[in-house]
């Protein structure tokens, strides 16, 4: 999770203004933590938190 939001700077210097950079960071987070976006969604549905 991007708290603090400055964690997204690892995906690009334009993290504050570029939604594509924010999405890139989010997809990377899901892949690293859950294995895939689908697995992240399944975890959310099963547990109600992420």
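Residue numbers (our numbering): 17 to 66.
Backbone N, C-alpha and C fix where the C-beta goes; we use that ideal spot for every residue, glycine too.
All values reported here derive from a predicted model rather than from experimental measurement.
query, result
"Go to residue 24, then tell me how far its alpha helix (DSSP H) extends in each direction, as first and last residue.", "Unbroken run through residue 24: none, as it is neither H nor E."
"Express the C-alpha separation of residue 39 and residue 17 in angstroms, rounding to a whole number.", "12 Å"
"Which residues in the same chain as residue 46 place their Cβ atom closer than 6 Å to its Cβ, once the five residues preceding and following it in sequence are excluded?", "53 and 56"
"Keeping to the same chain, check which residues put their C-beta closer than 6 Å to that of residue 31; ignore five residues upstream and five downstream.", "24, 25 and 37"
"Cα separation between residue 41 and residue 63?", "23 Å"
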